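Comments concern the structure below.
Numbering (the numbering used here), first residue to last: 139 to 395.
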């Protein structure tokens, strides 16, 4: 599943191609096979209205935000990538025609959007106040200096709280496991207080920042970069899916820290 780092990398890499070249064509394959659910007709119309315009992508947590470059103060759409939402410059995935739901074209490139598991959605934008970081064209990769902790940190086990609030913060499996392990905190107990919860989210941000520097994490996340190359951060993970670290199944999830 793409987490904060992987989504931020998509925002950067797609924007490199679309900020200087107008959209010349947008198509929506597989309309009878989840296409109208993943990208509803109203959102398809919004995208079609971008023909002839230049667009950019930004990210906040786990979501991509699409902007018309002429009106870049407010996003037009939010793209939630789900478990396997992925952008590629080429249609080089297995059975690509079956899993492709959008193709953005400029004079120079075609950008394909795939989702084999079909959990992704294009929706009206609603930026979370809890997102711990993201990417913008003007400022690059950023992580908040002042982080707010979503509710539940005093009641839920740390791993449960991190993952169930991940749609707000940008935290996912490998970020959570790495942060807990590096802070030597039990995944199965709640945070002691708000200060600890914020420290834990800041450690997750550190993990995401390191992941960005290595092109994201392709190990067990279903993620590949826009050019189809693998992210290399998995080799730097100390806890997530490390065979030397004991793991436990907790509420249906493997926990490695």
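We treat Cβ as the ideally placed atom computed from N, Cα and C, and that holds for glycine. Values in this document were obtained by computation on a predicted structure and should not be read as measured data.
Excluding the 5 residues preceding and the 5 following residue i in the sequence, name in chain order all residues of the same chain whose CB lies nearer than 7 Å to its CB.
i: residue 386; result: 393
i: residue 372; result: 355, 356 and 357
i: residue 193; result: 156, 161, 204, 205, 206 and 207
i: residue 304; result: 200 and 310
i: residue 170; result: none
Since residue i and residue j should fall inside the 8 Å C-beta cutoff, what is the C-beta to C-beta distance between them, to a whole number of angstroms?
i: residue 317; j: residue 341; result: 4 Å
i: residue 279; j: residue 146; result: 6 Å
i: residue 216; j: residue 263; result: 4 Å
i: residue 346; j: residue 374; result: Not quite, the Cβ-Cβ distance comes to about 12 Å (not below 8 Å), so this is no contact.
i: residue 222; j: residue 254; result: 5 Å
Can you say whether residue i is buried or exposed, counting buried as having 16 or more other CB atoms within 10 angstroms of its CB?
i: residue 213; result: buried
i: residue 396; result: This structure gives no information on residue 396, because the portion of the chain shown stretches from 139 to 395.
i: residue 343; result: buried
i: residue 332; result: exposed
i: residue 144; result: buried
Do you know how far the Cα of residue j is from the Cα of residue i?
i: residue 290; j: residue 271; result: 20 Å
i: residue 365; j: residue 324; result: 38 Å
i: residue 398; j: residue 219; result: Look at the range of the chain in this structure, 139 to 395, and you will see that residue 398 is not part of it.
i: residue 369; j: residue 159; result: 27 Å
i: residue 311; j: residue 166; result: 31 Å
i: residue 229; j: residue 321; result: 41 Å
i: residue 187; j: residue 240; result: 15 Å
i: residue 258; j: residue 265; result: 17 Å
i: residue 243; j: residue 183; result: 16 Å
i: residue 337; j: residue 326; result: 17 Å
Within a Cβ cutoff of 6 Å, which residues of the same chain sit near residue i, ignoring the five residues on either side of it in sequence?
i: residue 268; result: 286, 288, 306 and 307
i: residue 260; result: 177, 181, 215 and 217
i: residue 300; result: 309 and 314
i: residue 185; result: 164
i: residue 378; result: 312, 315, 316 and 394
i: residue 352; result: 370 and 371
Just to confirm my understanding: we take residue i, look at its own chain, exclude 5 residues before and 5 after, and list those with CB closer than 8 Å. What are they?
i: residue 234; result: 250 and 252
i: residue 328; result: 291, 292, 293, 294, 295, 296 and 299
Against chain B, does residue i count as a neighbour if the rule is that its beta carbon must be under 8 Å from one of theirs?
i: residue 346; result: Among the chains of the structure shown, chain B does not appear; only one protein chain is present.
Within the region 163-190, ranges of the beta strand (DSSP E) (whole runs, at least 3 residues): Those beta strand (DSSP E) runs which fall completely within the region 163-190 and span 3+ residues are 163-165.
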